[in-house]
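Novice:
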Amino acid sequence: MHEASRREKLRKIQELGHDPWGSRFDGQMSIGEIRAREGEIVVEPIPAGSDQREPTQHGPHVRAAGRIVLQRKKGKLIFADIRDWSGQIQLFIGRGQVGEDNWALAECFDLGDLVGVDGQLKRTKTGELTIFAEKLHFLSKSLESPPEKHHGLTDPELRHRMRYVDLAYTEGVLPRFLDRSKIVASIRNTLGAQGFVEVEGPTLHTIAGGAAARPFKTHHNALDMPLFLRIALELHLKRLLVGGMERVFELGRVFRNEGVSPRHNPEFTMLEAYQAYGDYRSMMDLTERLILDAIAATGRGYQLPWNDATIDFTPPFARHTYDELFTRHTGVDAADTVAIKKLADDIGLETAGKDPDVIKSEVFEHKVEDQLMGPVFVLDYPATICPLTKRKTSNPAVAERFELFVQGMEIANAYTELNDPDLQEQLFRTQLAGQKAEDSMAKMDEDFIRALRHGMPPAGGLGLGIDRLVMLLTNSQTIREVILFPLLRTEAKNR
RNA sequence: GAGGCUGUAGCUCAGUCGGUAGAGCAACGGACUUUUAAUCCGUAGGUCUUGGGUUCGAGUCCCAACAGCCUCACCA
Numbered sequence: 009m010h011e012a013s014r015r016e017k018l019r020k021i022q023e024l025g026h027d028p029w030g031s032r033f034d035g036q037m038s039i040g041e042i043r044a045r046e047g048e049i050v051v052e053p054i055p056a057g058s059d060q061r062e063p064t065q066h067g068p069h070v071r072a073a074g075r076i077v078l079q080r081k082k083g084k085l086i087f088a089d090i091r092d093w094s095g096q097i098q099l100f101i102g103r104g105q106v107g108e109d110n111w112a113l114a115e116c117f118d119l120g121d122l123v124g125v126d127g128q129l130k131r132t133k134t135g136e137l138t139i140f141a142e143k144l145h146f147l148s149k150s151l152e153s154p155p156e157k158h159h160g161l162t163d164p165e166l167r168h169r170m171r172y173v174d175l176a177y178t179e180g181v182l183p184r185f186l187d188r189s190k191i192v193a194s195i196r197n198t199l200g201a202q203g204f205v206e207v208e209g210p211t212l213h214t215i216a217g218g219a220a221a222r223p224f225k226t227h228h229n230a231l232d233m234p235l236f237l238r239i240a241l242e243l244h245l246k247r248l249l250v251g252g253m254e255r256v257f258e259l260g261r262v263f264r265n266e267g268v269s270p271r272h273n274p275e276f277t278m279l280e281a282y283q284a285y286g287d288y289r290s291m292m293d294l295t296e297r298l299i300l301d302a303i304a305a306t307g308r309g310y311q312l313p314w315n316d317a318t319i320d321f322t323p324p325f326a327r328h329t330y331d332e333l334f335t336r337h338t339g340v341d342a343a344d345t346v347a348i349k350k351l352a353d354d355i356g357l358e359t360a361g362k363d364p365d366v367i368k369s370e371v372f373e374h375k376v377e378d379q380l381m382g383p384v385f386v387l388d389y390p391a392t393i394c395p396l397t398k399r400k401t402s403n404p405a406v407a408e409r410f411e412l413f414v415q416g417m418e419i420a421n422a423y424t425e426l427n428d429p430d431l432q433e434q435l436f437r438t439q440l441a442g443q444k445a446e447d448s449m450a451k452m453d454e455d456f457i458r459a460l461r462h463g464m465p466p467a468g469g470l471g472l473g474i475d476r477l478v479m480l481l482t483n484s485q486t487i488r489e490v491i492l493f494p495l496l497r498t499e500a501k502n503r
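Counted the way this note's numbering counts, the first sequence spans residues 9 to 503.
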């Protein structure tokens with residue numbers, strides 16, 4: 009193990025009178041800021057007749073802190089590259105320049121150590137922007153060797169289990185998660201600017217409603233009560249709409265007891281927003297605004313790379329009806345239930361005893377969704393498959409709902425919210441009757457119906473999958489690339 | 001939950017027909033005051049994921065378990 013030599017250096021650092029675990033360190037600039045000061049370097053021309061080989065430079069004095077990610081020891085000279093979350097810069101540590109005390113400390117540096125430096129910002133004779141060290145500070149020892157310096161970590165299992173190593177050393181990982189943070193902040197800003205207030209609903213539910221998914225079960229000891237982790241934010245936010253919070257949103261974690269895939273993690277982050285006196289079209293405009301602002305917040309443009317393709321987010325996003333897209337991508341008339349059933353049978357879908365709209369929806373999922381490179385708003389869904397949505401006055405068979413698809417992925421889902429308590433109760437009952445045995449824990453949320461009976465304003469409601477949005481905006485093909493700690497099985501004992 | 005692929009040094013990977021373990025980086029020792037994937041000389045590092053089996057002999061073939069990835073199912 010290499011740990012022994014690192015512990016030996018740790019002991020040496022203590023002998024030299026330094027704390028190998030460091031302490032508060034003030035007054036440093038970020039490496040990004042330091043790099044921006046390159047222009048302050050003044051180069052004096054070599055005087056005529058001088059035998060001086062290199063011109064004298066005067067640069068600003070700077071203080072930096074970071075992790076040593078590369079080191080080149082050259083006798084009485086060390087070049088070390090340190091990195092913080094804003095960038096990376098080279099240190100020049102010369103034995104004659106820093107003195108024996110600092111040199112002795114520098115000899116204890118290993119890759120991965122966190123160090124501080126005071127020095128002058130200048131360029132080396134090859135032109136590399138460099139902090140020429142004058143004083144070194146030890147901030148924290150690393151007892152583990154970093155991963156291979158060219159490739160970093162590539163094994164996805166190690167990357168997810170040891171995300172700290174992945175963030176610290178694998179190129180592009182830290183910036184991606186900083187982008188995620190900017191996207192989330194942007195969403196809050198956009199909603200705030202439009203008068204929405206942020207709330208926190210309960211994550212422990214007595215009835216897990218608001219979506220068609222199986223919940224995680226848990227238990228409260230003192231109350232001896234079964235509980236479920238929430239599968240959606242919807243039903244509590246609508247209660248707040250009843251209470252008079254006219255524009256309300258929650259950005260939070262929901263939990264669904266399902267498998268993992270490149271697009272699914274059992275816990276994921278959802279935005280839900282509700283706007284009193286709006287409808288699904290209001291939410292379409294809001295969705296577009298949220299995404300465009302998020303793109304701007306990451307400093308990107310409308311054309312975003314996605315694998316080998318490009319996604320064009322230039323507004324306005326395309327808007328097409330469900331039936332229109334159904335017919336275009338299946339070649340079958342969206343109103344021809346007989347032909348649709350035949351198509352479903354041909355694909356091998358189970359159709360016996362199913363509602364024609366359900367069959368149509370399954371065909372849509374199999375044949376159409378993958379083709380929607382988008383961004384495209386799909387609007388006006390069959391009412392049968394939308395139990396929480398208001399129907400079109402002109403055509404009760406159609407629900408005022410849209411989903412936003414990009415690269416075949418569903419990113420957002422929005423409704424003109426149903427606020428008729430009697431109809432809502434009836435639709436719930438129909439939905440519960442159709443539940444499979446394994447979903448039998450689903451129950452009628454009587455209190456939600458009671459809330460609607462007190463009068464909920466007509467409203468538009470939006471759900472937006474944050475993880476998937478971040479995937480699209482950061483060119484990440486799996487959801488695990490944008491979730492810091494994705495769910496993994498217990499670590500194998502023999503690793 | 002089902003199927004397929006993968007698992008070798010701290011990391012990234014080779015390993016032929018079944019014949020007894022290799023490289024680069026990292027580490028350790030040495031040389032080197034403008035390097036930058038530093039270079040050069042030398043050294044050390046392995047329960048080949050785990051457990052069985054076949055065989056004179058298994059990293060290699062077979063079975064099982066564990067973990068990851070992909071596809072499907074569930075779902076957003």
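C-beta: ideal position from N, C-alpha, C; glycine also.
Taking only three categories from DSSP, how would you classify W29?
Specialist: It is coil, neither helix nor strand.
Novice: If distances are taken between C-alpha atoms only, which option among F87, H213, Y172 comes closest to K225?
Specialist: The shortest C-alpha separation from K225 is found at H213.
Novice: Judging by CA-CA distance, which residue of E11, L396, N197, F410 is the nearest neighbour of L460?
Specialist: L460 has its Cα closest to that of L396, out of E11, L396, N197, F410.
Novice: Are L481 and Q415 close, meaning C-beta to C-beta below 8 Å?
Specialist: No, these two residues do not count as a Cβ contact at 8 Å.
Novice: E275 and F257: beta carbons closer than 8 Å?
Specialist: No; because the gap between Cβ atoms is not below 8 Å, this pair is not in contact.
Novice: Looking at the unbroken beta strand (DSSP E) that takes in Y310, where does it start and where does it end?
Specialist: Element bounds for Y310: n/a, residue is neither H nor E.
Novice: Can you tell me whether M9 is helix, strand or coil according to DSSP?
Specialist: Confidence at M9 is low in this model, with a pLDDT of 49, below 50, so the placement of that residue is unreliable and no value is reported for it.
Novice: Helix, strand or coil: how does DSSP classify M278 here?
Specialist: In the structure shown, M278 sits in a strand (DSSP, three-state: E or B).
Novice: If you count every other CB in all the chains shown that lies within 10 Å of the CB of H26, and 16 or more means buried, which is it?
Specialist: By the neighbour-count rule (16 or more Cβ atoms within 10 Å), H26 is buried.
Novice: For the beta strand (DSSP E) containing H4, list its first residue and its last residue.
Specialist: With the chain covering 9 to 503 only, the question about residue 4 has no answer from this structure.
Novice: Starting from D430, follow the alpha helix (DSSP H) in both directions and report where the run begins and ends.
Specialist: First-last of the alpha helix (DSSP H) with D430: 429-441.
Novice: Please classify E489 as buried or exposed, where buried requires at least 16 other C-beta atoms within 10 Å of its C-beta.
Specialist: Answer is buried; the Cβ neighbour count reaches 16.
Novice: Can you give me the start and stop residues for the beta strand (DSSP E) that Q96 sits inside?
Specialist: Segment 95-102, the beta strand (DSSP E) holding Q96.
Novice: Which residue's Cα is closest to the Cα of D378: H158, Q283, H337, D92?
Specialist: The candidate whose alpha carbon is nearest that of D378 is H337.
Novice: Considering Cα atoms alone, identify which of L440, I457, E418 is closest to L426.
Specialist: When each option's Cα is compared against that of L426, the closest is I457.
Novice: Does DSSP put N197 in a helix, a strand or coil?
Specialist: It is helical.
Novice: According to DSSP, which residues form a beta bridge with I505?
Specialist: With the chain represented from 9 up to 503, any question about residue 505 goes unanswered, as that position is not in the structure.
Novice: Going along the chain, which residues of its own chain have a beta-carbon closer than 6 Å to the beta-carbon of R91, five neighbours each way excluded?
Specialist: Taken in chain order, the residues that qualify are G74, R75, V77.
Novice: Who are the near neighbours of Q439 in its chain, counting only those whose CB is closer than 7 Å to its CB and skipping five residues on each side?
Specialist: Here the set comprises P395.
Novice: To test your reading of the DSSP string, which unbroken beta strand (DSSP E) runs of 3 or more residues are found completely within the segment 246-307?
Specialist: Listed in chain order, they are 255-263, 275-284.
Novice: Determine whether the beta carbon atoms of F413 and V366 lie at a separation below 8 Å.
Specialist: No, Cβ-Cβ distance for F413 and V366 is not below 8 Å.
Novice: Rounded to whole angstroms, what is the Cα-Cα separation between G124 and L144?
Specialist: Distance between the alpha carbons of G124 and L144: 6 Å.
Novice: Taking 8 Å as the threshold, find out whether the segment 100-120 comes into contact with the segment 135-143 through three or more Cβ pairs.
Specialist: The segment 100-120 vs the segment 135-143: in contact.
Novice: So for L368, helix, strand or coil by DSSP?
Specialist: Note on residue identity: the sequence assigns Lys, not Leu, to residue 368. DSSP places K368 in helix when its eight states are reduced to three.
Novice: Any contact between the segment 327-344 and the segment 301-318? By contact I mean 3 or more CB pairs, one from each, below 8 Å.
Specialist: Output reads no: the segment 301-318 does not touch the segment 327-344.
Novice: Specify, as a first and last residue, the run of the alpha helix (DSSP H) that P390 falls within.
Specialist: Unbroken run through P390 is the beta strand (DSSP E), 384-390; no alpha helix (DSSP H).
Novice: In the structure shown, what three-state DSSP assignment does A342 receive?
Specialist: In this structure, A342 counts as coil in the three-state DSSP scheme.
Novice: How should F100 be labelled, buried or exposed, when 16 other C-beta atoms within 10 angstroms of its C-beta is the threshold for buried?
Specialist: That one is buried.
Novice: Taking the alpha helix (DSSP H) that L147 falls in, what are its first and last residues?
Specialist: Unbroken run through L147 is the beta strand (DSSP E), 137-148; no alpha helix (DSSP H).
Novice: Please tell me whether Y282 and L259 are closer than 8 Å, where the distance is taken between their beta carbons.
Specialist: In this structure, L259 does not lie closer than 8 Å to Y282 by Cβ.
Novice: Excluding the 5 residues flanking R80 on each side, which residues of the same chain have their C-beta closer than 6 Å to its C-beta?
Specialist: Here the set comprises F87.
Novice: Figure out for me which residue from E41, S38, G135 has the closest Cα to the Cα of P63.
Specialist: If we check each option's Cα against that of P63, G135 comes out closest.
Novice: How far does the beta strand (DSSP E) with R497 in it reach, from first residue to last?
Specialist: Note, R497: premise wrong, no beta strand (DSSP E); not H, not E.
Novice: In whole angstroms, what is the alpha-carbon distance linking E23 and D118?
Specialist: If I take the Cα positions, the gap works out to 17 Å.
Novice: Following a CB-centred definition, is E46 positioned closer than 7 Å to any heavy atom of the ligand FMN?
Specialist: For the ligand FMN, the structure offers nothing, since it holds no ligand at all.
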